[in-house]
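The opening position of the sequence shown corresponds to residue 197 in our numbering, with each subsequent residue numbered one higher.
A quick write-up on the structure given underneath.
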Amino acid sequence: MNGDFYAYLSRMKYIKRWALMRSACEENIMEHSWEVAAVAHALAIIKNEVFGGRVDEYKTVCYALYHETSEVITGDLPTPIKYFNKEINTAYKDLEKKANKKLIGRLPENLQGVYAKFVMPDTMSDEYALMKAADRISAYIKCIEEVKSGNKEFVSAKKSIGKEISKMTDEAVKYFVDNLLPSYEKTLDELE
């Protein structure tokens with residue numbers, strides 16, 4: 197029996213994000229995954245409770261929780277490189293699939309199917325779309341935090357990611373952006 201899956205996931209804390217940018221506060225993929233899961237959960241709840249949706253909140257959170265698992269094998273390839281051209285992006289997606297399959301194979305056989313549906317999700321589902329929106333919102337939150345700390349390195353990223361988020365049409369995303377995201381601009385004293 198193989199049980200290395202969680203030992204691999206534990207290493208997420210060593211994979212740094214934003215490798216090409218100077219950060220006032222470094223972020224790893226474990227921290228990022230938790231934030232994406234929290235935002236994705238909020239989006240799913242908003243979708244269901246405010247807009248009468250029928251998304252699976254559990255699935256949405258699990259998609260978010262495991263969305264970076266391949267990076268314990270591949271590392272975090274910076275966005276400008278990952279999307280430099282179609283060939284690189286296609287090759288990287290193939291590498292991610294192989295890494296995810298390897299990780300799933302590190303689970304006991306009777307658990308592999310359960311985890312496979314979260315590590316390699318249905319990319320056409322509403323739950324996946326909410327998770328992807330949460331992933332972009334999390335990146336925007338990182339930009340807000342860096343700019344608030346005086347780090348001008350993130351000004352351009354904040355602007356471009358903000359523009360991307362503003363074009364999202366999902367009503368739960370718009371609700372989060374309009375009603376909850378502005379609080380991230382506040383200082384601790386302002387939150388009191």
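Glycine included, every Cβ here is placed at the ideal spot set by N, Cα and C.
Just so we're clear, the structure is a prediction, and the values are computed from it rather than from any experiment.
Identify, in the order they occur along the chain, each residue of the same chain with its Cβ nearer than 7 Å to the Cβ of V373, setting aside the five sequence neighbours on each side.
I361
With a cut-off of 8 Å on the beta carbons, I'd call T319 and A295 a contact; round off their distance for me.
Actually they are not in contact, since the Cβ atoms of T319 and A295 sit about 16 Å apart, beyond 8 Å.
Does the beta carbon of S356 sit closer than 7 Å to a beta carbon anywhere in chain C?
Among the chains in the structure shown there is no chain C, since it carries only a single protein chain.
Output needed for Y263: all residues of its chain with C-beta closer than 7 Å, excluding positions within five of it in sequence on either side, in chain order.
The sequence as given places His at residue 263; Tyr does not occur at that position. Once the five neighbours on either side are set aside, the close Cβ partners of H263 are S229, V232, M327 and D331.
Can you tell me whether K317 is buried or exposed, with buried defined as 16 or more other CB within 10 angstroms of its CB?
Checking the sequence shown, residue 317 turns out to be Pro, not Lys. By the 10 Å Cβ count, P317 comes out buried.
The stretch 336–344 / the stretch 275–286 touching (three or more Cβ pairs under 8 Å):
no
Thinking just about the alpha-carbon of each residue, which of E381, T383, A329 and Y311 is nearest to the one in Y371?
A329
Find the nearest neighbour of E381 within the set T365, V351 and E341, judged by alpha-carbon distance.
E341
F247 - containing alpha helix (DSSP H), residue span
It is not in any alpha helix (DSSP H) - F247 carries neither H nor E in the DSSP assignment.
Would E323 and V251 qualify as a contact pair, given that the criterion is a beta-carbon distance under 7 Å?
yes
Looking at the unbroken alpha helix (DSSP H) that takes in T319, where does it start and where does it end?
Segment: none, T319 is in no alpha helix (DSSP H) and carries neither H nor E.
Would DSSP call K212 helix, strand or coil?
strand
Terminal residues of the alpha helix (DSSP H) in which C258 lies
E253 to L261
Please determine, among L291, A312 and V268, the residue with the shortest C-alpha to C-alpha distance to I300.
A312
Any idea what DSSP makes of N306, helix, strand or coil?
helix
Classify N375 as helix, strand or coil using the three-state DSSP reduction.
helix
Do the CB positions of C258 and F314 come within less than 7 Å of each other?
yes
May I ask you to verify whether the stretch 233–240 touches the stretch 215–224, counting CB pairs closer than 8 Å and requiring at least 3?
no
So, helix, strand or coil for N281, using DSSP?
coil
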